[in-house]
Amino acid sequence: MFKILPIQSKDEQIMVAKACGAEYREGFFAYSMREADTEELMGFTQFEITSECGYISDIRPVPNLNDFEAMFILGRATMNFIDMCGQHTAKTHASSGDLTLLLSLGFKNTESGELIADMSHMFNGECHHK
């Protein structure tokens, strides 16, 4: 069992980013995923919400964690927050995380190399129309 929580302090975000092999991004939101009983770090996301879209810069597990389902839930929690904030498009790059994970989250490749996810109806129970 695990829990996903927003990271509240800059110092924690720096530490978690480093533990997951990512660069800390000042001003970005971040979520950590931790084992519920031990509080052991499992992974994290860093993202921003702009007037254009939500941008996920990182979705990374700690080294040697191979829990695809947990990382999928972390990704969808991040995307749901972006969607609840009013941005129904998310963007990322293949370098932000595991490409198979990103594609399973609903991102699609574009000619520019960017990955884009249309989150319209993804979280309101109407995604079966897409």
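Note that this note's numbering gives residue 409 to position 20 of the sequence shown, counting from 1, and the numbers run on in steps of one. From the three backbone atoms N, C-alpha and C, an ideal C-beta is built for every residue, glycine too.
Checklist entry - So what's M422 in DSSP terms, helix, strand or just coil? => result If you number the sequence shown from 1, residue 422 lands on position 33. Correct three-state label for M422: strand.
Next on the checklist: Please state whether the Cβ-Cβ distance between L490 and M468 is less than 7 Å.
Outcome noted: Here residue 490 refers to the residue found at position 101 of the sequence shown. Here residue 468 refers to the residue found at position 79 of the sequence shown. Contact flag unset, no.
Item to check | Same chain, Cβ closer than 7 Å to P452, neighbours up to 5 away in sequence not counted | outcome: As a working mapping, residue 452 is identified with position 63 in the sequence shown. Counting only Cβ-Cβ distances below 7 Å, and skipping sequence neighbours, we find G410.
Checklist entry - Terminal residues of the continuous alpha helix (DSSP H) containing R449? => result As a working mapping, residue 449 is identified with position 60 in the sequence shown. No alpha helix (DSSP H) contains R449, which is instead part of the beta strand (DSSP E) from 443-450.
Checklist entry - With 16 as the cutoff for other CB atoms within 10 Å, does P450 come out buried or exposed? => result Counting from one through the sequence shown, the residue named residue 450 turns up at place 61. The residue in question, P450, is buried, as its Cβ has 16 or more Cβ neighbours within 10 Å.
Checklist entry - Between the C-alpha atoms of E500 and D426, what's the straight-line distance to the nearest angstrom? => result Mapped onto the sequence shown, residue 500 falls at position 111. Mapped onto the sequence shown, residue 426 falls at position 37. If you take the alpha carbons of E500 and D426, they lie about 44 Å apart.
Next on the checklist: Tell me the rounded alpha-carbon separation between G526 and A479.
Outcome noted: Examination of residue 526 is not possible in this model, given that the chain is present from 390 through 519 alone.
Item to check | D507: first and last residue of the uninterrupted beta strand (DSSP E) it sits in | outcome: By 1-based counting over the sequence shown, the position of residue 507 is 118. Its beta strand (DSSP E) spans residues 503-507.
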